[in-house]
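Student:
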Amino acid sequence: MQGKKILVTGGTGQVARPVAEALAADNEVWCLGRFGDPAARKELEECGARTFTWDMATDDLEGLPRDFSHVLHSAVHRGDRRDFEETARVNAAGTARLMTHCAAAEAFLYVSSGVVYHRADRTHRYREGDPLGGTAPWLPTYPIAKLSAEGVVRGLAEALGLPSVIARLNIAYGPYGHGGVPMILFREMREGQPCAVPREGQNYCNLLHTDDVVRQVPLLWETAQAPARVVNWGGDEEVGITDLLEYMSALTGVPVHLDRGDYSRETAIFDHSVRRSLIGDCSVGWKAGIARTMAESFEEYRDRIHAHELDSERG
242 MQGKKILVTG GTGQVARPVA EALAADNEVW CLGRFGDPAA RKELEECGAR TFTWDMATDD
302 LEGLPRDFSH VLHSAVHRGD RRDFEETARV NAAGTARLMT HCAAAEAFLY VSSGVVYHRA
362 DRTHRYREGD PLGGTAPWLP TYPIAKLSAE GVVRGLAEAL GLPSVIARLN IAYGPYGHGG
422 VPMILFREMR EGQPCAVPRE GQNYCNLLHT DDVVRQVPLL WETAQAPARV VNWGGDEEVG
482 ITDLLEYMSA LTGVPVHLDR GDYSRETAIF DHSVRRSLIG DCSVGWKAGI ARTMAESFEE
542 YRDRIHAHEL DSERG
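Note that the numbering used here has the sequence shown beginning at 242, numbered continuously upward.
(1) Taking 8 Å as the threshold (beta carbon to beta carbon), is Q443 in contact with chain C?
(2) Within 10 angstroms of its Cβ, does I482 collect 16 or more other Cβ (buried), or is it exposed?
(3) Check whether the Cβ of I546 sits closer than 7 Å to any heavy atom of the ligand ADP, and report yes or no.
(4) Can you tell me the Cβ-Cβ gap for I247 and S315, rounded? I've got them flagged as a contact below 8 Å.
(5) Kindly indicate the opening and closing residues of the beta strand (DSSP E) around F293.
(6) At what residue ranges does the segment 323–355 contain a whole run of the alpha helix (DSSP H), taking only runs of 4 or more?
(7) Going by C-alpha distance, which of T250, T253, A257, G251 is nearest R456?
(8) Give the secondary structure of F511 by DSSP, where H, G and I count as helix, E and B as strand, and everything else as coil.
(9) Leaving out five residues before and five after V515 in sequence, what residues of the same chain have Cβ atoms less than 7 Å from its Cβ?
(10) What separation, rounded to the nearest whole angstrom, lies between the Cα atoms of A467 and L313?
(11) Report the option in G442, T376, P404, L305 whose CA atom is closest to the CA atom of T364.
(12) At which residue ranges does the segment 392–459 contain complete beta strand (DSSP E) runs of 3 or more residues, listed in the order of the chain?
(13) To which residues of the same chain is V480 closer than 6 Å at the C-beta, ignoring the five residues directly before and after it?
(14) By how many angstroms is the C-alpha of L273 removed from the C-alpha of G254?
(15) Going by beta-carbon coordinates alone, are V357 and P384 separated by less than 8 Å?
(16) At which residues does the alpha helix (DSSP H) containing K528 begin and terminate?
(17) Could you tell me whether the segment 392–402 touches the segment 536–551, using the rule of 3 or more Cβ pairs below 8 Å?
(18) Counting along the chain, where does the alpha helix (DSSP H) carrying T493 start and finish?
(19) Opposite V497 in the DSSP bridges: which residues?
(20) Relative to the alpha-carbon of A491, which residue among R543, E347, G402 has its alpha-carbon at the smallest distance?
(21) Excluding the 5 residues flanking C288 on each side, which residues of the same chain have their C-beta closer than 6 Å to its C-beta?
(22) Looking at P435 and H359, is the spacing between their C-beta atoms short of 8 Å?
(23) What's the C-alpha gap between S354 and A333?
(24) Assign H419 to buried or exposed, taking buried as 16 or more other Cβ atoms, counted over all protein chains shown, within 10 Å of its Cβ.
(25) Taking a contact to mean a Cβ-Cβ separation below 8 Å, would you say A337 touches L403 in this structure?
(26) Would you mind stating whether D209 and A437 have Cβ atoms separated by less than 8 Å?
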């Protein structure tokens, strides 16, 4: 992708930052965010991106250009577990401001989440047309944040004639920010904390490495349409969270203590028929991606991880 003027929100996040850095080499990229981490802002600017401070809860977009060709909207106001009304307002209003400001864009991509789906059993493969109304005990306001913004994207895509795509993200991970859920879980392991898993069986997900995120964002823009298109967005492989924990333990030698109880953070498996038909398969297998991410994120385990990979290759 070359010669485009691209706007990215949530500029220091797990999804937005690697996309912004990669596209800034050949495009004019603007990153919006609160930039609580000055170092991350500086690194974005060193990669060639322009930064613009924006808190979607309070700020308008005065002073920001309007002539963007492509928009990636991944900023989210997650809420505070209690204030559902304010969470809905901030995400709906912020998304509406952004879409009306960039109404002439060629494509608008909103990063939603699989948390919007009404939960079935943990082996159900969610399709884009499945019932909505998700719950998240770990952060009850999060589903309403995503559903509110999805509604605005659907409405304004048609009202403005702005080609849009809603990508419902599974679990993204990689050597940026906190590293995603897998790296959060590993930090808990390293601190000796028990990892909550189901009493029977395990939760499953589709891990998506940031290399595939970066490669697939321009492809998703190409699928944008009005009315908005909805696409499940995750890795090709179905990964058990318990299997993930045990693999990270094998890579590093850090023991994992499984807490088999009544509560564990639910994940979801996606049916990827729509995504595959539109933009094809992913390129990074989950084990290779996890090993590489851990080696980049935790230097003290790098030699052991590389040795484990060599032993695996030898059979």
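Just so you know, even glycine gets a beta-carbon here, dropped at the ideal spot from N, CA and C.
Tutor: Let's see:
(1) In the structure shown, chain C cannot be found, because there is only a single protein chain.
(2) Numbered from 1 along the sequence shown, position 241 holds the residue referred to as residue 482. Counting Cβ neighbours within 10 Å, I482 comes out buried, since at least 16 surround it.
(3) Among the ligands in the structure shown, none appear at all, so the ligand ADP cannot be discussed.
(4) Taking the first residue of the sequence shown as position 1, residue 247 is located at position 6. Taking the first residue of the sequence shown as position 1, residue 315 is located at position 74. Between S315 and I247 the Cβ distance is about 13 Å, and since that is not below 8 Å, they are no contact.
(5) If you number the sequence shown from 1, residue 293 lands on position 52. It spans 291–294 - the beta strand (DSSP E) in which F293 sits, taken as one unbroken run.
(6) 325–342
(7) Mapped onto the sequence shown, residue 456 falls at position 215. Checking every option, the nearest Cα to that of R456 belongs to A257.
(8) The residue you call residue 511 lines up with position 270 of the sequence shown. DSSP places F511 in strand when its eight states are reduced to three.
(9) In the sequence shown, residue 515 corresponds to position 274, counting from 1. Result list for V515: E369, V472, N473, in chain order.
(10) Against the sequence shown, residue 467 aligns to sequence position 226. Against the sequence shown, residue 313 aligns to sequence position 72. So the alpha carbons of these two residues sit roughly 16 Å apart.
(11) Your numbering for residue 364 matches position 123 in the sequence shown. Closest by alpha carbon: G442.
(12) 405–410, 412–414, 436–439, 448–450
(13) Position 239 of the sequence shown, counting from 1, holds the residue named residue 480. The residues are C446, L448, W527.
(14) Locating residue 254 in the sequence shown gives position 13, counting from the first residue. Locating residue 273 in the sequence shown gives position 32, counting from the first residue. Spanning the two alpha carbons is a distance of roughly 11 Å.
(15) Position 116 of the sequence shown holds residue 357. Position 143 of the sequence shown holds residue 384. A contact, by the Cβ cut-off of 8 Å.
(16) Working through the sequence shown from its first residue, we reach residue 528 at position 287. Element bounds for K528: 527–538.
(17) no
(18) Position 252 of the sequence shown holds residue 493. Start and end: 482–493.
(19) Position 256 of the sequence shown, counted from the first residue, corresponds to residue 497. For V497, which the question treats as bridged, DSSP gives no partner whatsoever.
(20) If you number the sequence shown from 1, residue 491 lands on position 250. That would be R543, whose Cα lies nearest to the Cα of A491.
(21) Here residue 288 is taken as the residue at index 47 of the sequence shown, counted from 1. These residues qualify, in order along the chain: E262, A265.
(22) Position 118 of the sequence shown, counted from the start, is the residue given in the question as residue 359. Position 194 of the sequence shown, counted from the start, is the residue given in the question as residue 435. Contact flag unset, no.
(23) Working through the sequence shown from its first residue, we reach residue 354 at position 113. Working through the sequence shown from its first residue, we reach residue 333 at position 92. Approximately 15 Å between the Cα atoms of the pair.
(24) Your numbering for residue 419 matches position 178 in the sequence shown. Per the 10 Å Cβ criterion, exposed.
(25) Here residue 337 is taken as the residue at index 96 of the sequence shown, counted from 1. Here residue 403 is taken as the residue at index 162 of the sequence shown, counted from 1. No. Outside cutoff.
(26) Residue coverage of the chain in this structure runs from 242 to 556, which leaves residue 209 outside it and unanswerable.
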